[in-house]
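Read through the structure below, which is laid out as structure tokens, and then see the notes.
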Amino acid sequence: MKNFKTSEFQAAERRYLSYIFFLFGLSIMSLAPRTPDLKANLAVNNGTFGTLLSTASIGSIVMLLIGGQIVHRIGSKKGMQIGATVISLSFIVLAHTSSPFIFVIANILGGSAISIFHIASSGHTLHRQDQVGKVIIPKLHGAWGIGAMTSSAVAFLVAANVSIAWHISTLMVVVWILTIYVIEALDPSYPPKPSSDDAYRLTSLKQFKFKVNWFLSIGFFCGSIVEFTIADWGTLFGKEVMGMAQSTSALNYLVYLVGLIIGRFSIGWALKHGSEQFWIKTAGVVGGGGFILFLLLSTILLETNKTLAYTLNFLGFLIAGLGTSFLAPIFFSIAGRLAGGKNSLAVAQLSFVNTVLIFNSKFILAWIVQITTITVALIAAGVLMMLLFHFGKVGSKKRI
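Here the sequence shown stands for residues 28 to 427, where the numbers follow the numbering used here.
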């Protein structure tokens with residue numbers, strides 16, 4: 028970026044930041060459409076598999092506590108470089124291993140790497156957002172969604188003919204090279220010294236003051252549980268419950284992400300036509316309730332009309348994506364407002380509590396799957412999302 032000015036947000040910088048978030052989504056969601064292959068490699072039951080998947084949260088929880096201090100010391104640039112490298116290496120190991128023990132170690136490292144990359148990239152973006160006096164994060168979240176959707180599309184195209192080992196290894200190497208290049212291209216925008224970015228540390232043991240707003244935190248958990256549950260079980264639902272082919276089952280997560288992206292890019296429009304409170308409640312009832320309804324109908328009709336059953340199945344995942352799409356940005360905005368504008372600290376605290384709650388819920392849902400079916404676990408997540416009709420009152424009644 029030639030003639031770079033700190034006070035200006037140039038088109039080149041916007042593109043490169045979008046690439047950062049796009050590549051982040053492309054990499055960290057690459058395994059979600061191929062969970063059946065991961066499970067087959069490990070040769071474990073659904074309960075054990077879900078428990079193994081949940082271990083990534085351990086790394087995330089630890090890094091959410093200390094990651095801010097690490098990034099503060101080494102800078103956002105090095106934080107993203109380290110995060111991208113460890114994500115790539117750990118995902119390659121996850122795609123190759125048949126050992127549950129090695130899987131757990133790689134999954135914990137992957138979870139911690141995802142968190143440090145998130146802390147570094149989001150902290151830097153908040154820093155630039157304040158420098159240029161312009162909101163730039165929402166569209167970057169949209170770029171992340173497009174990256175995640177692209178990852179699912181790739182999985183849909185190659186799952187039937189390419190092994191998970193070749194697919195993930197090739198993808199991770201390519202994404203790592205591109206990410207390192209883009210991080211370097213953004214070099215003029217980084218603060219000259221890590222210490223100058225002090226106000227934008229997302230996490231730090233010193234910064235955390237555990238005065239948890241439980242109403243807000245539980246509401247956010249109810250709004251995000253469907254996203255995590257679909258990432259873990261959506262593809263397996265298509266394969267094991269609906270009897271879809273390997274590539275077709277990957278469409279469940281792809282369709283969910285289509286809804287997520289449409290909603291993320293429509294946040295501005297939505298908040299002009301309805302308040303935060305209205306959209307949170309609507310997302311809970313329509314997103315959660317619609318997801319449950321269409322999943323149940325699809326399983327009921329599976330034996331008599333497979334085409335209609337598959338169509339209703341995909342419609343359910345699309346509605347779930349639309350419902351969850353703008354909940355995270357809205358809840359983070361509310362958290363920042365309630366914290367007196369201390370946005371980064373509010374995001375960090377809300378993320379930390381949510382990660383702890385998600386970790387426990389993933390473990391519980393894994394054994395719900397084992398004892399009952401994947402359908403029951405997905406419905407349970409949908410029911411939790413419907414509770415937003417109650418927790419929606421945390422939002423503002425005013426339109427923007």
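Here a beta-carbon is modelled for each residue, glycine too, at the ideal position from N, C-alpha and C.
C-alpha of L44 to C-alpha of F76: approximately 35 Å in a straight line. With respect to I55, I141 sits close: the two C-beta atoms are nearer than 8 Å.
A Cβ-Cβ distance of about 27 Å is found for the pair F183 and P356, leaving them out of contact under the 8 Å criterion. For N279, the enclosing alpha helix (DSSP H) starts and ends at L278 to R291. One thing to note: G137 has its Cβ within 8 Å of the Cβ of L121. The DSSP-derived three-state label of F386 is helix.
Boundaries of the alpha helix (DSSP H) around L243: W241 to L263. If you look at K299, you'll find it in the alpha helix (DSSP H) that goes I294 to H300.
Of the candidates L320, R42 and G52, the residue whose Cα lies closest to the Cα of A111 is G52. The Cβ atoms of G106 and A170 do not sit closer than 8 Å to each other.
Exposed is the label assigned to E330, since fewer than 16 other Cβ atoms lie within 10 Å of its Cβ. When the beta-carbon positions are compared, I195 and S57 come within less than 8 Å of each other.
Y283 is positioned such that its CB atom lies no closer than 8 Å to that of S103.
Distance from the CA atom of K299 to the CA atom of R426, rounded to whole angstroms, is 6 Å.
By the Cβ criterion, the segment 301-315 is in contact with the segment 342-356, since at least three pairs of Cβ atoms, one from each stretch, lie closer than 8 Å. Contact annotation, N332 with M269: C-beta distance approximately 13 Å; criterion of less than 8 Å not satisfied.
For W193, the closest alpha carbon among the candidates I207, H123 and A38 is that of H123. In this structure W203 is buried. Its beta-carbon is surrounded by 16 or more other beta-carbon atoms within 10 angstroms. Ranking T206, E211 and A180 by CA distance to the CA of T262 puts A180 first. In the DSSP assignment, Y43 falls within the unbroken alpha helix (DSSP H) covering A38 to I55. Taking 8 Å as the cut-off, the Cβ atoms of G174 and F344 do not count as close. The residues C249 and I252, in chain order, have a CB closer than 6 Å to that of L411 in the same chain once the five nearest residues on each side in sequence are set aside.
With a threshold of 16 other beta carbon atoms within 10 Å, I395 meets it and is buried.
Within the same chain, Cβ atoms closer than 6 Å to the Cβ of G265 are found at M271, S276 and N279, the five residues on either side in sequence being excluded. Here K424 is exposed, its C-beta having fewer than 16 other C-beta atoms within 10 Å.
Out of G172, G348 and L392, the CA that lies nearest to the CA of L405 is found in L392. For S126, no alpha helix (DSSP H) encloses it, and the DSSP letter there is neither H nor E. For E211, the number of other beta carbons within 10 angstroms of its own is below 16, and it is reported as exposed. A straight line joining the alpha-carbon of H417 with that of L213 spans about 43 Å. Uninterrupted alpha helix (DSSP H) stretches at least 4 residues long and entirely within the segment 142-187 occur at 164-185, given in chain order. Here the alpha carbon of F390 sits roughly 39 Å from the alpha carbon of R41.
Here the alpha carbons of R291 and K166 stand approximately 8 Å from one another. N73 and T400 have their C-alpha atoms some 9 Å from each other. Straight through space, the alpha carbons of L323 and T62 are spaced by roughly 22 Å.
Within a 10 Å sphere around the beta-carbon of F128 sit fewer than 16 other beta-carbons, which makes this residue exposed.
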